[in-house]
Each structure stands twice: as structure tokens, then as C-alpha cells.
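In our numbering, the protein residues as written are 1 to 59.
The beta-carbon is built from N, C-alpha and C at its ideal position, and this holds for glycine as well.
Computed from a prediction, not measured in an experiment: that's the story for all the values here.
In what follows, a structure is listed as C-alpha cells, so that the remarks can point back to it.
Structural data, given as C-alpha cells:
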């Protein structure tokens, strides 16, 4: 799986995307979350991980 991630991931935004259009760049990183299931009211702890992929063209 590590090889797949390394082939897919990119360390920086692609130069074709202007900085002012990099709307999702602020999400890059790991985030701890509390998820509330609306059906049951149960709260679960979790993590979200965001990184740049596809030569920096996507998050």
C-alpha cells in the first residue's frame, strides 16, 4: 500500500493551479474529528487525512 501512496501522492500544489484557486489546500494534513451519527446520536472519534495527489492537481 505504501508504494501505491508514494506513486499517487504529491508534495506540492501543481503550478497550473493559481494560489487564489487552491480552495482545498487548507485541508492538507491530519485532523482528529468527532463524528456524530445523526441516526443514533452516537459520537465516534476518528481521523481525516488529506494530501495532494495526481501531480498536485487534486486533494
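By the criterion of a C-beta distance shorter than 7 Å, residue 27 is surrounded in its chain by 50, 59, once the five residues flanking it on both sides are discounted. Short of 8 Å from the beta carbon of residue 24, and not among the five residues preceding or following it, lie these beta carbons of its own chain, in chain order: 50, 59. For residue 8, the CB contacts under 8 Å within the same chain, skipping 5 residues up- and downstream, are 53, 54 in chain order. Between residue 47 and residue 30, the gap from beta carbon to beta carbon is short of 8 Å. Contact check for residue 34 against residue 45 passes: the beta carbons are separated by less than 8 Å. In the displayed model, residue 58 falls within a strand according to three-state DSSP.
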